[in-house]
């Protein structure tokens, strides 16, 4: 900071002073939006001279400074590729910093950095959330157990004596209409959403044999509404035993649910239970094909966002997508095929 102050005091050229002031203000905590009107400069101007200062010090701010040679020799290029391959995620800024720090080189075009990424077989990807509690071995074991369970009861399933439902809940928000659209490069795209947190809860059940999907609306998901949903499923499959496969949500495991199930099953052998509940492995929602059905419904409202001027329309479009019963993806058959 002291070198900057001395440079500002001694420089006789207002262009050099403006460069140095932009860097100094940035280092003092000013934001681009605050510096720009004061100095009459652009955000790109500030970024450019900050970068030059970090690479070459105050010498880089002088008018006659030539800057560093903007090329890597083959050995340096190979070294950077090797460095890239030691990592599992990258950013452009990180690559720029590494090349500048190690070799004092700053490319004039970002394409030169992109070429390095391409040479290292690295492509631009959107980051995705990953649950650190996900246990791949447990998921595989649970899937095998479910397949074995269904195979062992194949005769009951195919005769209709036992109906297998894969179950999940969806909390649809008005804000779910937000997604990717084509828009002008220089402008942000905004949608009129009065309250992004408007919510509708749905229970969904996929009949694993017939692939029919049943949907049940509720104010929220809790033990009471779960019981209402189970009663709805019974009304849709009268006279059949029901096997529910769902996740380990607290309201699926509550004392109230256990009491409800005991009221049907207490005096029966397990194979004769009217409602049996099994769980998918924890922390792995991708096991459940119902997740893909919800996603299909949300995809429709994002594609037709221009109709979604109210949350009631959002719900109608979502329910339309589900109600069409057009589902086809491999996960529908991961646990066996029944006829």
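Numbering (the working numbering), first residue to last: 6 to 344.
Yeah, the Cβ is synthetic: ideal placement off N, Cα and C, and Gly gets one too.
Residue interval of the beta strand (DSSP E) (run including residue i)
{"i": "residue 172", "result": "167-178"}
{"i": "residue 283", "result": "280-284"}
{"i": "residue 218", "result": "218-223"}
{"i": "residue 205", "result": "204-212"}
Rounded C-alpha distance that separates residue i from residue j
{"i": "residue 153", "j": "residue 316", "result": "43 Å"}
{"i": "residue 280", "j": "residue 212", "result": "14 Å"}
{"i": "residue 238", "j": "residue 184", "result": "33 Å"}
{"i": "residue 166", "j": "residue 292", "result": "25 Å"}
{"i": "residue 320", "j": "residue 328", "result": "12 Å"}
{"i": "residue 287", "j": "residue 299", "result": "19 Å"}
{"i": "residue 276", "j": "residue 137", "result": "36 Å"}
{"i": "residue 225", "j": "residue 289", "result": "22 Å"}
{"i": "residue 272", "j": "residue 258", "result": "20 Å"}
{"i": "residue 173", "j": "residue 42", "result": "53 Å"}
{"i": "residue 141", "j": "residue 135", "result": "12 Å"}
{"i": "residue 349", "j": "residue 15", "result": "In this structure the chain extends from 6 to 344, so residue 349 is not present and cannot be described."}
{"i": "residue 37", "j": "residue 59", "result": "17 Å"}
{"i": "residue 265", "j": "residue 295", "result": "24 Å"}
{"i": "residue 99", "j": "residue 52", "result": "15 Å"}
{"i": "residue 345", "j": "residue 95", "result": "There is simply no residue 345 to check, as the chain begins at 6 and stops at 344 in what is shown."}
{"i": "residue 381", "j": "residue 284", "result": "The structure shown does not extend to residue 381, since the chain is modelled only from 6 to 344, so the question has no answer here."}
{"i": "residue 118", "j": "residue 35", "result": "29 Å"}
{"i": "residue 68", "j": "residue 102", "result": "23 Å"}
{"i": "residue 326", "j": "residue 274", "result": "40 Å"}
Where the alpha helix (DSSP H) through residue i begins and ends
{"i": "residue 247", "result": "Note, residue 247: premise wrong, no alpha helix (DSSP H); beta strand (DSSP E) at 246-251."}
{"i": "residue 119", "result": "115-124"}
{"i": "residue 289", "result": "Per DSSP, residue 289 belongs to no alpha helix (DSSP H) and is neither H nor E."}
{"i": "residue 267", "result": "260-270"}
{"i": "residue 318", "result": "316-328"}
{"i": "residue 197", "result": "Here residue 197 belongs to no alpha helix (DSSP H), and DSSP marks it neither H nor E."}
{"i": "residue 277", "result": "Residue 277 -> no alpha helix (DSSP H), and no H or E assigned at all."}
{"i": "residue 158", "result": "That residue, residue 158, is in no alpha helix (DSSP H); it is neither H nor E in DSSP."}
{"i": "residue 139", "result": "Per DSSP, residue 139 belongs to no alpha helix (DSSP H) and is neither H nor E."}
Per-residue burial, residue i [other beta carbons within 10 Å of its own, 16 or more giving buried]
{"i": "residue 302", "result": "buried"}
{"i": "residue 342", "result": "exposed"}
{"i": "residue 111", "result": "buried"}
{"i": "residue 20", "result": "exposed"}
{"i": "residue 340", "result": "buried"}
{"i": "residue 80", "result": "exposed"}
{"i": "residue 215", "result": "exposed"}
{"i": "residue 322", "result": "buried"}
{"i": "residue 222", "result": "exposed"}
{"i": "residue 155", "result": "buried"}
{"i": "residue 49", "result": "exposed"}
{"i": "residue 207", "result": "buried"}
Identity of the residue in the options nearest residue i by Cα
{"i": "residue 91", "options": "209, 226, 31, 126", "result": "126"}
{"i": "residue 3", "options": "318, 9, 30, 119", "result": "Lying before the first or after the last residue shown, residue 3 is absent from the chain, which here runs from 6 to 344."}
{"i": "residue 113", "options": "148, 15, 77, 145", "result": "77"}
{"i": "residue 120", "options": "135, 67, 97, 102", "result": "97"}
{"i": "residue 171", "options": "235, 262, 63, 108", "result": "235"}
{"i": "residue 230", "options": "262, 252, 253, 326", "result": "262"}
{"i": "residue 393", "options": "89, 105, 139", "result": "The structure shown has nothing for residue 393, since the chain only spans 6 to 344."}
{"i": "residue 218", "options": "331, 87, 17, 86", "result": "331"}
{"i": "residue 344", "options": "334, 175, 22, 161", "result": "161"}
Proximity test, residue i beta-carbon vs the ligand ADP heavy atom, cut-off 7 Å
{"i": "residue 61", "result": "With respect to small molecules bound, the structure shown includes none, and the ligand ADP cannot be examined in it."}
Cβ-based neighbour list, residue i, same chain, cut-off 8 Å, excluding 5 preceding and 5 following
{"i": "residue 182", "result": "196, 198, 306, 307, 310, 313, 319"}
{"i": "residue 200", "result": "179, 316"}
{"i": "residue 232", "result": "261, 262, 265"}
Own chain partners of residue i with C-beta closer than 7 Å, once the 5 adjacent residues on each side are dropped
{"i": "residue 227", "result": "256"}
{"i": "residue 55", "result": "28, 31"}
{"i": "residue 33", "result": "none"}
{"i": "residue 107", "result": "none"}
{"i": "residue 336", "result": "294, 297"}
Neighbourhood of residue i by C-beta, 6 Å cutoff - its chain only, sequence neighbours within 5 removed
{"i": "residue 282", "result": "249"}
{"i": "residue 260", "result": "none"}
{"i": "residue 242", "result": "168"}
{"i": "residue 164", "result": "none"}
{"i": "residue 25", "result": "9, 12, 13, 66"}
{"i": "residue 144", "result": "286, 289"}
{"i": "residue 158", "result": "167"}
{"i": "residue 203", "result": "179, 316"}
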